[in-house]
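First residue of the sequence shown? That's 1 in this note's numbering, and the numbers climb one at a time after it. We put the beta carbon where it would ideally sit given N, CA and C, even for glycine.
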Amino acid sequence: MAVTALALGVMAAGCLWGSEEHAPGRFCAQSNTSIVEHCVDASEGPGSAWSKAEADGELPIQMWAFGPNGVMSDELAANEAELRAWFDNIDRAVAYVRDEEKNAESLRATLHGRLLGLLLQSRQRQEAIFEEEPVRAADNFRQAMTDKASAEEEPLVVALAADKQAMAVVQAIFEQARSDGAPLRSRYAGVAARFAAYRATEAAETAAYAALSEQASRSGIDGLDGAEQAVLAAAREASRAPNELAAESMTLAAELQALAVSFDEAIAPHEEVLATHGAVVPDMTSGALRSLSAMLGYAQRRVARSDATATALLGGIALRRQALEILKADEGAREAIARSRIERASEVFGEGARARVEALSAAPPVSEKLGLPPLAERCGVLVALVQMRPLCETAGSSWREAGCAALRGRFDAAEAELRTGLPRKIAAGLAALREKGMAAAALDAVQARLDAGDVKGAAIVYDAAVRGAEGT
Numbered sequence: 001m002a003v004t005a006l007a008l009g010v011m012a013a014g015c016l017w018g019s020e021e022h023a024p025g026r027f028c029a030q031s032n033t034s035i036v037e038h039c040v041d042a043s044e045g046p047g048s049a050w051s052k053a054e055a056d057g058e059l060p061i062q063m064w065a066f067g068p069n070g071v072m073s074d075e076l077a078a079n080e081a082e083l084r085a086w087f088d089n090i091d092r093a094v095a096y097v098r099d100e101e102k103n104a105e106s107l108r109a110t111l112h113g114r115l116l117g118l119l120l121q122s123r124q125r126q127e128a129i130f131e132e133e134p135v136r137a138a139d140n141f142r143q144a145m146t147d148k149a150s151a152e153e154e155p156l157v158v159a160l161a162a163d164k165q166a167m168a169v170v171q172a173i174f175e176q177a178r179s180d181g182a183p184l185r186s187r188y189a190g191v192a193a194r195f196a197a198y199r200a201t202e203a204a205e206t207a208a209y210a211a212l213s214e215q216a217s218r219s220g221i222d223g224l225d226g227a228e229q230a231v232l233a234a235a236r237e238a239s240r241a242p243n244e245l246a247a248e249s250m251t252l253a254a255e256l257q258a259l260a261v262s263f264d265e266a267i268a269p270h271e272e273v274l275a276t277h278g279a280v281v282p283d284m285t286s287g288a289l290r291s292l293s294a295m296l297g298y299a300q301r302r303v304a305r306s307d308a309t310a311t312a313l314l315g316g317i318a319l320r321r322q323a324l325e326i327l328k329a330d331e332g333a334r335e336a337i338a339r340s341r342i343e344r345a346s347e348v349f350g351e352g353a354r355a356r357v358e359a360l361s362a363a364p365p366v367s368e369k370l371g372l373p374p375l376a377e378r379c380g381v382l383v384a385l386v387q388m389r390p391l392c393e394t395a396g397s398s399w400r401e402a403g404c405a406a407l408r409g410r411f412d413a414a415e416a417e418l419r420t421g422l423p424r425k426i427a428a429g430l431a432a433l434r435e436k437g438m439a440a441a442a443l444d445a446v447q448a449r450l451d452a453g454d455v456k457g458a459a460i461v462y463d464a465a466v467r468g469a470e471g472t
């Protein structure tokens with residue numbers, strides 16, 4: 001009956017002994033680097049065997065337990081009380097490694113080492129004893145042993161997920177990253193402080209340029225050299241601080257990126273452990289990188305504005321110098337200079353006028369698939385031409401006369417095309433697009449602008465509709 005009860009799995013650990021006493025037997029332990037087995041009486045507890053093995057070698061340490069009568073025997077395999085005593089000690093050994101030492105590698109070594117061999121030997125003894133039993137008690141025992149092994153594997157998974165050593169490695173990686181990043185954080189704080197101070201000088205920089213402009217506008221020829229030097233010095237000073245700031249920002253950004261890459265490579269093998277614990281890998285650099293990029297962008301834009309302002313001031317000083325030199329010349333020289341400039345202006349205006357006439361005379365391009373001409377650009381040319389009409393009708397248009405002569409015959413036609421010609425072309429194009437099945441919303445938007453008299457706006461939206469129909 002005792003054997004039958006055992007085979008049915010009635011093996012609850014500790015059911016024969018109270019909380020203050022334990023089953024008889026022995027606990028044994030052996031370190032990974034030692035060949036010596038350290039065994040103690042069960043009354044001393046598994047910790048005693050562990051301490052001796054730990055003093056004798058290195059982790060991992062495997063533990064096992066013997067029953068009251070020592071090695072496996074047929075009597076032990078068939079005796080319910082002794083088997084219960086043995087299983088009680090097995091539970092104590094496994095619990096000690098799992099709960100007290102919390103070492104996953106030692107737990108794995110315990111479950112798959114000498115203890116597993118003893119359990120397999122016990123099963124083999126049971127099978128030999130019960131192989132002729134009609135109830136197949138060996139099968140019941142095998143199931144009981146399988147259930148026990150499964151029950152012990154679940155703590156193993158938990159222990160491995162919470163592996164103290166693995167998390168210690170992850171913590172070391174975090175600490176190293178924080179240590180490496182500490183100097184960079186300090187440097188970033190310095191860059192941010194310098195950037196704030198630099199940004200606060202923008203109004204003063206603008207006021208300084210305005211003062212230089214006023215000074216140059218009042219200077220005579222003798223004072224213009226000094227005004228030029230002052231503008232150049234202001235431009236250099238305006239570029240010095242941001243250039244230094246930009247160089248430091250780019251260097252710091254490169255070092256932050258290198259730190260991020262190094263951290264990612266170090267933490268990658270431990271992502272599964274972090275996921276098991278629900279931990280999120282911290283982002284230690286992207287915020288600082290975005291901030292540095294914004295600082296760099298502001299500095300670059302401000303330097304560009306400063307350079308443009310200085311260039312404009314230097315150009316104005318050069319023009320003032322020329323004007324003052326002309327004023328110093330005699331009347332004949334001034335008249336010659338004026339004639340030369342008027343002739344040059346007339347040539348430039350005439351060249352522009354002829355270019356406009358040629359653009360209007362050229363055959364307009366058409367779209368590849370539908371054969372419809374784009375109209376927005378032509379509308380812009382016509383509007384610009386009509387706006388020039390008052391220039392060619394005033395009495396003071398003599399120096400523009402060569403250009404105006406080419407344009408006068410085009411003004412009426414340009415106004416007529418803007419008033420009626422382009423709207424008709426847009427309407428014809430809309431009809432063609434509707435026949436092709438173009439979306440009505442886009443075409444209705446063109447028609448709405450056309451009905452409102454906004455020919456230029458209608459032409460722009462119409463060209464967009466044509467491009468859409470063409471798939472470009």
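The beta strand (DSSP E) with residue i in it runs from where to where?
i	result
A254	Element bounds for A254: not the beta strand (DSSP E) but the alpha helix (DSSP H), 221-267.
Under DSSP, the alpha helix (DSSP H) around residue i begins and ends at which residues?
i	result
M295	286-328
A414	401-416
V348	331-361
D99	Neither: D99 is in no alpha helix (DSSP H) and is coded neither H nor E.
G457	455-470
E214	202-218
L95	First, the residue type needs correcting, since residue 95 is Ala and not Leu in the sequence shown. Element bounds for A95: 80-95.
V381	376-387
S51	46-56
E435	422-435
L450	440-451
Excluding sequence positions up to five away, which residues of its chain have a Cβ less than 7 Å from the Cβ of residue i?
i	result
G117	none
V366	L372, P373
R400	S346, F349, L391, C392
V455	C379, L418, L422, P423
A266	I173
E37	C28, Q30
R334	I326
A151	Note on A151: pLDDT 47, under 50, position unreliable in the model; no value is reported.
R408	C392
Short of 8 Å in beta carbon distance, which residues of its chain neighbour residue i, apart from the five on each side in sequence? Order them along the chain.
i	result
V191	L245, E248, S249, L252, L292, M295
G47	Y96, E100
T146	Note that T146 scores 47 on pLDDT, short of 50, meaning its location in the model is unreliable and no value can be drawn from it.
G220	L324
K436	L370, A469
V158	Confidence in V158 is poor, its pLDDT being 46 and thus under 50, which makes the residue's placement too unreliable to answer from.
R321	I221, L224
Tell me, which residues are paired with residue i by DSSP?
i	result
I61	S31
R26	D41, F66
Could you work out which residue in the options is closest to residue i when comparing CA atoms only?
i	options	result
E186	L256, R125, R199	Reading the sequence as shown, one finds Ser at residue 186 and not Glu. Here the closest residue by C-alpha is L256.
V357	E335, A384, S346, A376	A384
S306	E335, A362, L450, A234	A234
Q387	A241, S398, R410	R410
S239	F66, R199, A414	R199
A172	F263, H112, E237, Y188	F263
A168	A182, N103, A458	N103
G316	S213, A439, Q126	S213
A227	L313, S286, R339	L313
A114	D444, I90, P242	The sequence as given places Arg at residue 114; Ala does not occur at that position. For R114, the nearest C-alpha among the options comes from I90.
A428	A439, A211, A414, L443	L443
A431	G45, A310, A363, V466	V466
T309	A42, A53, Y209	Y209
Q300	E331, I342, A241	A241
L274	K328, V170, A288, A355	V170
Leaving aside the five residues before and after residue i along the sequence, list all residues of the same chain whose C-beta is less than 6 Å from its C-beta, in chain order.
i	result
V381	A359
T33	G57, E58
C39	R26, C28
S19	Caution is warranted here: a pLDDT of 44 is assigned to S19, below 50, making its placement in the model unreliable, and the coordinate value is therefore given only provisionally. Here the set comprises nothing.
A260	T285
V203	The identity of residue 203 in the sequence shown is Ala, whereas the question assumes Val. Within the same chain, A203 has no close Cβ partners at all.
So does residue i have its beta carbon nearer than 6 Å to some heavy atom of the ligand SAH?
i	result
E368	Absent from the structure shown: the ligand SAH. Ligands present: none.
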